[in-house]
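Peer 1: Chains as they are written, first to last, in the working numbering: chain A, 86 to 416; chain B, 86 to 416; chain C, 86 to 416. Quick reminder that beta carbons are idealized off the backbone N, C-alpha and C, glycines included. Questions regarding the structure given below will be posed in turn.
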Amino acid sequence: MKHTLQEVAAAVSARLVGEPGLEVERVASIASARPGDLVFVEDEKMLAPALASAATAVIAGESAASGESGKPLLIAGHPRLAFARAAALLHPRAGMAAGVHSSAVIASSARIGQPAWIGPHASVAEGVVIGDRVHLGPGTVIGAGVTVGDDCSFAANVTIYAGVRIGHRVVVHAGAVLGSDGFGYVRDPATGRYEKFPQIGGLTIGDDVEIGANATVDRGALDLTSIGRGAKLDNLVHVGHNVRIGEDVVIAAQTGLSGSAVVEEGAVIAGQVGIADHVRIGSGAILGAQCGVPSSKIIRGPGVVFWGTPARPIRQYLKELAALARLARKG
Amino acid sequence: MKHTLQEVAAAVSARLVGEPGLEVERVASIASARPGDLVFVEDEKMLAPALASAATAVIAGESAASGESGKPLLIAGHPRLAFARAAALLHPRAGMAAGVHSSAVIASSARIGQPAWIGPHASVAEGVVIGDRVHLGPGTVIGAGVTVGDDCSFAANVTIYAGVRIGHRVVVHAGAVLGSDGFGYVRDPATGRYEKFPQIGGLTIGDDVEIGANATVDRGALDLTSIGRGAKLDNLVHVGHNVRIGEDVVIAAQTGLSGSAVVEEGAVIAGQVGIADHVRIGSGAILGAQCGVPSSKIIRGPGVVFWGTPARPIRQYLKELAALARLARKG
Amino acid sequence: MKHTLQEVAAAVSARLVGEPGLEVERVASIASARPGDLVFVEDEKMLAPALASAATAVIAGESAASGESGKPLLIAGHPRLAFARAAALLHPRAGMAAGVHSSAVIASSARIGQPAWIGPHASVAEGVVIGDRVHLGPGTVIGAGVTVGDDCSFAANVTIYAGVRIGHRVVVHAGAVLGSDGFGYVRDPATGRYEKFPQIGGLTIGDDVEIGANATVDRGALDLTSIGRGAKLDNLVHVGHNVRIGEDVVIAAQTGLSGSAVVEEGAVIAGQVGIADHVRIGSGAILGAQCGVPSSKIIRGPGVVFWGTPARPIRQYLKELAALARLARKG
Chain A
86 MKHTLQEVAA AVSARLVGEP GLEVERVASI ASARPGDLVF VEDEKMLAPA
136 LASAATAVIA GESAASGESG KPLLIAGHPR LAFARAAALL HPRAGMAAGV
186 HSSAVIASSA RIGQPAWIGP HASVAEGVVI GDRVHLGPGT VIGAGVTVGD
236 DCSFAANVTI YAGVRIGHRV VVHAGAVLGS DGFGYVRDPA TGRYEKFPQI
286 GGLTIGDDVE IGANATVDRG ALDLTSIGRG AKLDNLVHVG HNVRIGEDVV
336 IAAQTGLSGS AVVEEGAVIA GQVGIADHVR IGSGAILGAQ CGVPSSKIIR
386 GPGVVFWGTP ARPIRQYLKE LAALARLARK G
Chain B
86 MKHTLQEVAA AVSARLVGEP GLEVERVASI ASARPGDLVF VEDEKMLAPA
136 LASAATAVIA GESAASGESG KPLLIAGHPR LAFARAAALL HPRAGMAAGV
186 HSSAVIASSA RIGQPAWIGP HASVAEGVVI GDRVHLGPGT VIGAGVTVGD
236 DCSFAANVTI YAGVRIGHRV VVHAGAVLGS DGFGYVRDPA TGRYEKFPQI
286 GGLTIGDDVE IGANATVDRG ALDLTSIGRG AKLDNLVHVG HNVRIGEDVV
336 IAAQTGLSGS AVVEEGAVIA GQVGIADHVR IGSGAILGAQ CGVPSSKIIR
386 GPGVVFWGTP ARPIRQYLKE LAALARLARK G
Chain C
86 MKHTLQEVAA AVSARLVGEP GLEVERVASI ASARPGDLVF VEDEKMLAPA
136 LASAATAVIA GESAASGESG KPLLIAGHPR LAFARAAALL HPRAGMAAGV
186 HSSAVIASSA RIGQPAWIGP HASVAEGVVI GDRVHLGPGT VIGAGVTVGD
236 DCSFAANVTI YAGVRIGHRV VVHAGAVLGS DGFGYVRDPA TGRYEKFPQI
286 GGLTIGDDVE IGANATVDRG ALDLTSIGRG AKLDNLVHVG HNVRIGEDVV
336 IAAQTGLSGS AVVEEGAVIA GQVGIADHVR IGSGAILGAQ CGVPSSKIIR
386 GPGVVFWGTP ARPIRQYLKE LAALARLARK G
């Protein structure tokens, strides 16, 4: 979608150095930029390649403003952030045609805002309440009594179990499952067989959450599982029952959180991390990839980086690795 | 669903101390209990909060019977088990309306028991045989020649490949895939390319198995993959071709079992565990989270706890961790 | 599907010792073989059981040709490879009936080759181009502008996001997601909130790729994610944005590749491996199960085996494990 540099500069709070009426229509990497593209520079070394590229304009930091430039510049305090916002302007979500596809099945008691984009073979069960400007991709299943806020987008083949409550501007990628039963059983000592512990709690998802493809988030056993505003979960992440994830938490792919774990706001969790039951990850803590946090352990934030299994401060872990390597060399 | 305390006590084999005609209609946690709720106490310290809660009645152990109580008590030998059974009574599976949704596609040669709950956009291929009282959620795909026992429930967007055999009372959560091809190839030394080794074996799932959301279970290469009666698999678990899982085995989220692994009855496997090909996990063995069992290794049960990669007895692993920490401190 | 031994021998480039007109119709393991089955022997010790089995014929190496045999033999330089090819001949992909199911939704501008097998509740969006002899299983979703080559097969409930480009003979198992958004955000230092970095790049999948059930492959952020010809990805594998996977790479279940990782041709990656961002795995390198390769690290191939986290040459890792065990024993 074409916008003038003046419009882009206004949208991303940048200062324009150059022709305000020039138009851009896409963002791009420097390596692949073509005319009409907008690129960005974080590292001063990349300024020359950006200026030499075919891009129409460059987002850069204040230091770039002083030099000679053959291209229009958008000077921003945080070039990457300005670029992300420019991309949101230039690349609005490509949609299906607005409307409810004739093959979608919408229960008579469901209420759906306007406009709605509901794809082929989606189904919406009884008692569902969906806000305005929501996309439900093909094959998406919305269980009974679910509530969904405004401006949400569920890609395709997403499953939302009954009763889940979802905020505004939530994005759920294909194949993700929200509100499935938690993993809880009681073993009958007389027979050795497991019987199901009730998994009848709820699941609430805050505003601005994004959930990756084929991720799974279980409902609470008796109480709630909750994911706070702005949290971002990558593909194939698993969230167990009764877990509480705070605001602005980031969790990379294939990480798993066991039952009743708590992750406080702003924590950053890398990929393939394992968090056992009843763990507490403090606000702003950072967990390195593949680390494991044993049951009931408390990790204090902010800014502390943990690694290894059992997870320990990274400085200690690296010292241990070095000591072990020395020991092995000595034979 | 409301039941009198007398009915509940009979269903869970508890001894009722209190008014038999009082009704409860839900189970709950002590913290969230409201009138009409039934709660349980395992730990004696929780008895006072349970009695002080708004719950209508409390399931507790024998020791609670002696004290003064303002509430009806259901005295049980195993309060958690009694509570689980009370939950099954009070919270029967919430259903879609019985019947086959008009958008579901049922092949003419498929036979389906009565009643059936088949949701929107489900499809059932030729030659399928499904028992009585089965739920097939929206978007569920049942491949040709599959057999499904009575009282099974497949949540939504589940895929069952052709020929899989499923027992009674099996629960499969959304997005799970049963009977996909195993991962087997032969490299042609002349070209360096991989060609597919046949993945044409079967998959049998025993009675009372539960399989988590987005879990994947491959069919055998030439023979069978099998999951024994009562086994419970959590979300995102992977089971490779020719794996044999015994009865009452529990496998937590994101664990993976490679081809031809054998897990004997009653083993307990935590989350993110990796089990290589041809491993044998003995009856009743316990594998700690994230541990890794190398190819062809045998882990002997019962009651032995393993941890680490390569998995070793937990006592040894903890000793090694302690020795390493000491070594690193010495510098 | 029945074939004479002469036909099978020709198809797999084997030398037939025995009656050319005899027919076989299935491949099988030695343990389960019945009349009409073809089995194979790699290990000389298995020749006697193979000959004693009920199988009609045996594929074996040159050494078997010299002995006495009651059964027809197909003598091949690489018996396992010959068996795999015989299986492809005897077990062609079982199909749905050719045609487009009446419940499938095909956009008017989509072009689909002939014949096509398109199952119930599949959907194909505007601008899609699909080659000849393609299977789209039930519930499969093909986004706008996707291109798919000839002879591809997508099992069921597969989701392909808009614009993905897929080669010939690509097999995608149930629940897999191709082309989902990568995991990239920019934190606004003023608010602490994450904003989405654009995830608008492409995804190209080469010929002869196979992708496992519930695997996820993200599109590029600004540029491409690519999977080379002949690569094989197992179930629940995660591929992040901008990753480049070379030809004939094999990646076992539950492994994850973070953004911009590069895996060169012929590398072999075991299960549950974690590869951080900007890592480069050299041609022919081998990564052991559960190992972890830290950010930006380069692993050189070919034939080198790495294990542990951080990944190190297996010889070094085993020495370290041995040294640690000795240390712990000393107390």
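Skipping 5 residues on each side, what residues in its chain have a beta carbon closer than 6 Å to that of C/Ile371?
Peer 2: Hits under 6 Å: Val353, Val390.
Peer 1: Do the segment 297-308 of chain B and the segment 257-271 of chain B make contact, defined as three or more Cβ pairs closer than 8 Å?
Peer 2: Because the criterion of three Cβ pairs below 8 Å is met, the segment 297-308 of chain B and the segment 257-271 of chain B touch.
Peer 1: Across which residues does DSSP place B/Lys281 in a beta bridge pair?
Peer 2: Answer by DSSP bridge pairing, in chain order: B/Tyr270.
Peer 1: Rounded to whole angstroms, how far is the Cβ of C/Ile203 from the Cβ of C/Val185, which I believe are closer than 8 Å?
Peer 2: With 8 Å as the limit, C/Ile203 and C/Val185 qualify as a contact, their Cβ atoms being about 4 Å apart.
Peer 1: Taking DSSP's pairing of strands, which residues face B/Gly146 in a bridge?
Peer 2: In DSSP, B/Gly146 forms no bridge with anything.
Peer 1: Quick check on the DSSP output: the beta strand (DSSP E) that includes C/Leu107 runs from which residue to which?
Peer 2: Looking at the DSSP string, C/Leu107 is not in any beta strand (DSSP E), and its letter there is neither H nor E.
Peer 1: If you compare alpha carbons, which of A/Ile251, A/Val226, A/Asp235, A/Tyr402 is closest to A/Gly216?
Peer 2: Comparing Cα positions, the closest option is A/Asp235.
Peer 1: Grouping DSSP H, G and I as helix and E and B as strand, with all else coil, what is C/Lys130?
Peer 2: In this structure, C/Lys130 counts as helix in the three-state DSSP scheme.
Peer 1: Does the distance from the CB of A/Ala113 to the CB of A/Val102 come in under 9 Å?
Peer 2: Not a contact, by the Cβ cut-off of 9 Å.
Peer 1: Determine the direct distance from the alpha carbon of B/Tyr270 to that of A/Tyr246, and round the result to whole angstroms.
Peer 2: In a straight line, the C-alpha of A/Tyr246 is about 37 Å away from that of B/Tyr270.
Peer 1: Could you tell me which uninterrupted beta strand (DSSP E) segments, each at least 3 residues in length, are contained entirely in the segment 281-332 of chain C, listed from first to last along the chain?
Peer 2: Entirely contained in the segment 281-332 of chain C, the beta strand (DSSP E) runs reaching 3 residues are, in chain order, 287-290, 301-303, 309-312.
Peer 1: Under three-state DSSP, which class holds C/Ala135?
Peer 2: In this structure, C/Ala135 counts as helix in the three-state DSSP scheme.
Peer 1: Interface residues of chain B around C/Arg100 at Cβ under 9 Å?
Peer 2: Per Cβ cutoff of 9 Å: no residues; C/Arg100 is ~17 Å from chain B at best.
Peer 1: Would you kindly work out how many angstroms separate the C-alpha atoms of B/Asp308 and B/His326, rounded to a whole number?
Peer 2: Those two C-alpha atoms are separated by around 9 Å.
Peer 1: In angstroms with no decimal places, state the Cα-to-Cα distance between C/Pro379 and C/Ala396.
Peer 2: Going by the C-alpha atoms only, they are around 8 Å apart.
Peer 1: Leaving out the 5 sequence neighbours to the left and right, which residues in its chain are closer than 7 Å to A/Pro134 when beta-carbon positions are compared?
Peer 2: So the list reads Ile115, once near-sequence residues are dropped.
Peer 1: With a 10 Å radius around its C-beta and 16 neighbouring C-beta atoms as the bar for buried, classify C/Gly106 as buried or exposed.
Peer 2: Classification for C/Gly106: exposed.
Peer 1: Distance, Cα to Cα, C/Val93 vs C/Ala171?
Peer 2: Their backbone Cα atoms lie some 6 Å apart in a straight line.
Peer 1: Quick one: what's got a C-beta closer than 6 Å to A/Ile191's C-beta in the same chain, skipping five residues either side?
Peer 2: Val209, listed in sequence order.
Peer 1: Please compile the residues from chain A whose C-beta is within a distance smaller than 7 Å of the C-beta of C/Arg329.
Peer 2: Simply none; closest approach about 13 Å.
Peer 1: List the DSSP bridge partners of B/Ser208.
Peer 2: According to DSSP, B/Ser208 bridges with B/Val190, B/Val226.
Peer 1: Tell me B/Val233's beta-bridge partners as DSSP assigns them.
Peer 2: DSSP lists B/Ile215, B/Ile251 as partners of B/Val233.
Peer 1: So that I know if they touch, is there some Cβ in chain B lying closer than 9 Å to that of C/Leu321?
Peer 2: Taking Cβ atoms only, chain B reaches closer than 9 Å to C/Leu321, which makes this a yes.
Peer 1: DSSP three-state label for C/Val358, please.
Peer 2: The answer is coil: DSSP assigns C/Val358 none of H, G, I, E or B.
Peer 1: Which residues does DSSP pair with C/Phe239 in a beta bridge?
Peer 2: Partner(s): C/Leu221, C/Val257.
Peer 1: Quick check on B/Asp128: buried or exposed, where buried means 16 or more other Cβ atoms within 10 Å of its Cβ?
Peer 2: Exposed, because fewer than 16 other Cβ atoms sit within 10 Å of the Cβ of B/Asp128.
Peer 1: So, helix, strand or coil for C/Ser265, using DSSP?
Peer 2: In the structure shown, C/Ser265 sits in a strand (DSSP, three-state: E or B).
Peer 1: Quick check: A/Ile312 and A/Ile285, are their CB atoms within less than 9 Å of each other?
Peer 2: Not in contact: A/Ile312 and A/Ile285 (Cβ atoms no closer than 9 Å).
Peer 1: Could you tell me the distance, in whole angstroms, from the CA atom of A/Ala295 to the CA atom of B/Arg165?
Peer 2: Inspection of the sequence shows that residue 295 of chain A is occupied by Glu rather than by Ala. Their backbone Cα atoms lie some 36 Å apart in a straight line.
Peer 1: Residues in the segment 184-205 of chain C with C-beta within 9 Å of chain B's C-beta atoms, listed in sequence order?
Peer 2: Within the segment 184-205 of chain C, the residues whose Cβ lies closer than 9 Å to some Cβ of chain B are His186, Ser187, Ser188, Gly204, Pro205, listed in chain order.
Peer 1: Counting only beta-carbon separations shorter than 9 Å, does A/Asp128 have a partner in chain C?
Peer 2: Not an interface residue.
Peer 1: Find out if the Cβ-Cβ distance for the pair B/Pro274, C/Phe168 is shorter than 9 Å.
Peer 2: Against a cut-off of 9 Å, the Cβ pair of C/Phe168 and B/Pro274 comes out as no contact.
Peer 1: Identify the residues that DSSP records as bridge partners of C/Arg196: which are they?
Peer 2: Looking at the DSSP assignment, C/Arg196 forms a beta bridge with C/Val214.
Peer 1: Can you give me the start and stop residues for the alpha helix (DSSP H) that A/Val93 sits inside?
Peer 2: It spans 90-97 - the alpha helix (DSSP H) in which A/Val93 sits, taken as one unbroken run.
Peer 1: Any beta carbon of chain A sitting closer than 9 Å to that of C/Pro395?
Peer 2: It does; some Cβ of chain A falls within 9 Å.
Peer 1: From B/Ala195, B/Leu342, B/His363, B/Ala149, pick the residue whose C-alpha is nearest to that of B/Lys130; which is it?
Peer 2: Considering only alpha carbons, the answer is B/Ala149.
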